[in-house]
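Residues in the sequence shown are numbered from 459 upward in steps of one, following the working numbering. For each residue, glycine too, the CB sits at the ideal point set by N, CA and C.
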Amino acid sequence: MRKNFWINKEGQNTLKGSHTNPANPVRLPDYLIADFLVNHPYSRQDFLDLKDTMLPEEQYRLEEILQKYHNLFADRKYDQEIEDGFQKHLNTARVNGGSPISPAKTKKKTLRVNR
């Protein structure tokens, strides 16, 4: 069984904490939570599973993070993936089938000069 991404070795929930309650200090800064959600896709479901079990003040903080940092649950394309896609596009040139137009079907146009 896979362990929840947000639970540390001591069994503590690292998402816990509130900015409004000094008795419940924040364990991870907001930007770090956002970074983990973007860069570790398996952390996203664990985040959603834990969020509903937390205190209302903690849930509010996590909702603020989701509002502040847009597209946290979207898969991110890295620079190398973007470059690879571009190169692939360049290397898949279309080749048209069929035969070229035969010279017999083309008409030569001559230039006439009126005097």
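Residue i vs residue j beta-carbon contact at 8 Å
i, j, result
"K474", "R485", "yes"
"L508", "L530", "no"
"N549", "D504", "no"
Nearest-angstrom Cα separation, counted from residue j out to residue i
i, j, result
"Q470", "K546", "45 Å"
"L490", "P514", "21 Å"
"L524", "D542", "30 Å"
"D573", "F544", "Before going further, note that residue 573 is Arg rather than Asp in the sequence given. Whole-angstrom Cα-Cα distance: 58 Å."
"T472", "L506", "13 Å"
Close Cβ partners of residue i (< 8 Å) along its chain, the five nearest in sequence each way excluded
i, result
"E522", "D488"
"S501", "F463, W464, F494 and L495"
"A492", "I523, K526, Y527 and L530"
"D510", "Q517"
Per-residue DSSP class, three states only, for residue i
i, result
"N466", "coil"
"N471", "strand"
"N527", "Residue identity check: residue 527 is Tyr in the sequence provided, not Asn. Y527: coil per DSSP, three-state reduction."
Candidates the options, of which the one nearest residue i by Cα
i, options, result
"N482", "M512, Q503, Y500 and L495", "M512"
"N479", "Y518, Q503, W464 and N497", "Y518"
Own chain residues within Cβ distance below 7 Å of residue i, not counting five before or after
i, result
"R570", "none"
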